[in-house]
Each structure stands twice: as C-alpha cells, then as structure tokens.
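Accompanying notes for the structure given below.
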Amino acid sequence: MTRTPYLKPEEMDVEQRRIYDDIVASRGVWLNGPYAPLLLQPKIAEPAQLLGEFVRYNTSLEPRFSELAIIIGARHWDCDFEWVQHGAIALRSNVPAEAVDAIRNGQVPQTLDEDERAVYDFTRELLERHRVSDAVYERVKARFGAIGAVELTSVIGYYTFIAFTLNAHEVPLPAGVTPPLPPREILETPLAK
Numbered sequence: 136m137t138r139t140p141y142l143k144p145e146e147m148d149v150e151q152r153r154i155y156d157d158i159v160a161s162r163g164v165w166l167n168g169p170y171a172p173l174l175l176q177p178k179i180a181e182p183a184q185l186l187g188e189f190v191r192y193n194t195s196l197e198p199r200f201s202e203l204a205i206i207i208g209a210r211h212w213d214c215d216f217e218w219v220q221h222g223a224i225a226l227r228s229n230v231p232a233e234a235v236d237a238i239r240n241g242q243v244p245q246t247l248d249e250d251e252r253a254v255y256d257f258t259r260e261l262l263e264r265h266r267v268s269d270a271v272y273e274r275v276k277a278r279f280g281a282i283g284a285v286e287l288t289s290v291i292g293y294y295t296f297i298a299f300t301l302n303a304h305e306v307p308l309p310a311g312v313t314p315p316l317p318p319r320e321i322l323e324t325p326l327a328k
C-alpha cells in the first residue's frame, strides 16, 4: 500500500490535471509510479515531468547508454519499481542481457563494450563515491562530448530522484509483479576499478 493518496483524474484540480495530461501525452500511458505522489505538489511534478521527458527521450545519448545508467541507479538504490520499468527497456535498447542480469545481481558485467563500460564506470563512481575520477570523466567526454557528460550526469541525478520518490512513498509494483531485485544483504557489489 502506498503511503500517499493516488488522485484519480476526476479528483485533480486544474493544475494537477494539466500535468497529468502532459505526462500521458509524453509517455503514452499513465503509470501509478513516481508521478502519483509528485502530483500532490504540482510545482514539483511539473518540472520533474519536463526534466524526465528530456533525459528519457531527448538527450544526445543513445537509449542503451541512458538505460544502462538508469538500471545501475535502480540497483544501487534498491528500487524495484524503477527496475521493473527500465530493465525491460534496457534490453529493448540493446543493453546486453548478460549485463542487465549481472547488474540486477550486484555483479560487474563482463560483456560491456568500451562505450558501455565508460557509462558503467561513470555511473558507479558517481553513485558510490559521489565524484567521478578524471580518467573516467575524460573517457566519457572523449566519447560523448562535454554535453554528453552533462546529460549522463542529469540522467543519473533524475533517476536517483525518481528512485527516492518511489522508495520513500513505497509506491507498489504493478499487480502480480514480483520484486525483481535480490535483497542487498546477499549481494557483493565491489566498485569496479
């Protein structure tokens, strides 16, 4: 059960309904996910929706790179809801299945190409160390440019915010879905060096 009420469209005020309609229009569907609690405060929901739409659909990064960063964050933050949504998208975006499975199980993937490895290392360093080493930053910048490095940071930051929202408000998984992430206490997740 969620900790915050879910508003039905007919219960929303004009501002909430406008944002709800924008979310449905940009994503093609409404999910009782992070925007359900966020809609309680439209001044948070609207900029979150705009940033989310940009980092998901409009960066210069190929979807496989964004989705790789998203699932690394979902695993890091133990966010089953985010994993349920983005694990499948990562596979459809050509993130190697072995890598998706390894990340889900808290292991370092062995099948990443050079570009995917740069994204993996950047994301893990930022999440684990709260900084990115010069060497890893330069690898990302050399491959994706300065704008790509900013966009990758924004993807990581946005989906961290989403994971926090989902976890803090205990947004439930869709009916019939089993939590996909193994409990953290059984994982060993050494930071790749």
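If you want our numbering, it's the position in the sequence shown, counting the first as 1, plus 135.
C-beta: ideal position from N, C-alpha, C; glycine also.
Keep in mind that this is a model prediction, so the values were computed, not measured.
Rounded to whole angstroms, T288 and T258 show a C-alpha spacing of 8 Å. Per DSSP, the unbroken alpha helix (DSSP H) holding Q184 starts and ends at 177–192. A straight line joining the alpha-carbon of E233 with that of R319 spans about 19 Å. For M147, same chain residues with a beta-carbon under 8 Å away, outside a window of 5 residues either side, are Y155, L174 in chain order.
For Y141 against L203, the beta-carbon gap comes to about 31 Å, at or over 8 Å, which does not count as contact. Check the Cα spacing between V190 and each of L316, E286, A303: the tightest is with E286.
Taking a contact as a CB-CB distance under 8 Å, the pair P314 and L308 counts as one, their CB atoms being some 7 Å apart. Linking H221 to I205 through their CA atoms gives a straight-line distance of about 7 Å. Excluding the 5 residues flanking it on each side, W212 has same chain C-beta neighbours closer than 6 Å at A298, in chain order. Under the three-state reduction of DSSP output, G241 falls in the coil class, being neither helix nor strand. In the structure shown, D213 falls within a coil segment according to DSSP collapsed to helix, strand and coil. In this chain, the alpha helix (DSSP H) harbouring P172 covers 170–173. Between the alpha carbons of S201 and R210 lies a gap of roughly 14 Å. Assignment of E197 by DSSP, reduced to helix, strand and coil, places it in the coil class. Note on geometry: alpha-carbon atoms of K143 and Q245 lie some 45 Å from one another. Closest in C-alpha terms to V271, from the list D250, G187, L301, G168, comes D250.
If you check the CB distance, G292 and L196 do not come in under 9 Å. If only uninterrupted beta strand (DSSP E) runs of at least 3 residues are considered, none is enclosed by the stretch 213–283.
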